[in-house]
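Protein sequences, first through last, are from chains B and G. Counting from 1, one number per residue, gives the positions in the first sequence under full-length UniProt numbering. Counting from 1, one number per residue, gives the positions in the second sequence under full-length UniProt numbering. Where is the CB? At the ideal position from N, CA and C, for every residue including glycine. Below is one structure, written out as structure tokens; the observations come after it.
There are 2 protein chains.
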Amino acid sequence: MAFSPLSTELIGGAAALLTTLCWLPQALKILRTRETRDLSLIAYLAFAGGVGLWLVYGLLIGSIPVIAANAVTLLLLLGILSLKLRYG
Amino acid sequence: MAFSPLSTELIGGAAALLTTLCWLPQALKILRTRETRDLSLIAYLAFAGGVGLWLVYGLLIGSIPVIAANAVTLLLLLGILSLKLRYG
């Protein structure tokens, strides 16, 4: 494969960090308020399923960034889903 | 670049569809209930920012799937964010 310029990879890395770690404040908010009514269960189930498939895709193509970002996102989403099922 | 087997690309395609279209039921739920209190504004702002960076990344590397998936996701997220600011 051709390698992209460093600036391109930095933008991709920042994108991956944001779309992964953004679920931490959502999880912390639920832990604080114990309220999850406004979160769509269908949306979060479909999102977690999709992130799980991205993880499988990353394993199949051997991409460490895809594997790492989606593994962390999936953990955070499973935490949010378990809180939703507990408090919802 | 090397092409992955069709089954691998189908898994990636299903992953992209799920992580894109999952935000439709969340947007529809908000339109129905007019309640967004439990959604973390920081989480959705960071997520939308990250998806915007994925879109830039897709444009820089010339990847139609990355561009298309993130453009649709960004539109749905901007809808959710504007509903959050309106009803929140």
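Asked                                                                                                       : Found
Alpha-carbon spacing of Leu55(B) relative to Cys22(G), whole angstroms                                      : 17 Å
Inter-residue Cα distance where the pair is Glu9(G) and Ser63(G)                                            : 14 Å
Alpha carbon of Leu59(G) to alpha carbon of Leu85(B), nearest angstrom                                      : 38 Å
Delimiting residues of the alpha helix (DSSP H) encompassing Gly13(G)                                       : 6-21
Whole-angstrom distance between Tyr87(B) and Val66(B), CA atom to CA atom                                   : 31 Å
Simplified DSSP assignment, three categories, for Gly52(G)                                                  : helix
Short CB-CB distance (under 8 Å) between Lys86(G) and chain B                                               : Correcting the residue type first, residue 86(G) is Arg in the shown sequence and not Lys. No, Arg86(G) does not count as interfacial toward chain B.
For Leu18(G) and Ala68(B), believed in contact at Cβ under 8 Å, the rounded distance                        : About 20 Å separates the two Cβ atoms, so there is no contact after all.
Cβ neighbour criterion (16 or more within 10 Å) applied to Ile30(G)                                         : buried
Buried versus exposed call for Ser40(B) [16 or more other C-beta atoms within 10 Å across all chains shown] : buried
Any chain G beta carbon closer than 8 Å to Ile67(B)                                                         : no
Below-8 Å beta-carbon distance, Ala71(B) vs any chain G residue                                             : no
Chain G within 8 Å of residue 93(B), Cβ atoms only                                                          : Residue 93(B) is absent from the model: chain B starts at 1 and stops at 88.
Residues that Gly49(G) contacts on chain B, provided the C-beta gap is smaller than 7 Å                     : Leu18
Where Ser82(G) falls: helix, strand or coil (DSSP)                                                          : helix
Gly79(B) and Ala27(B) closer than 8 Å at C-beta                                                             : yes
Nearest-angstrom Cα separation, counted from Phe3(B) out to Leu76(B)                                        : 31 Å
Closest residue to Trp34(B) among Arg32(G), Thr33(G), Arg37(G) (Cα-Cα distance)                             : The sequence as given places Arg at residue 34(B); Trp does not occur at that position. Ranking the options by Cα distance to Arg34(B), first place goes to Arg37(G).
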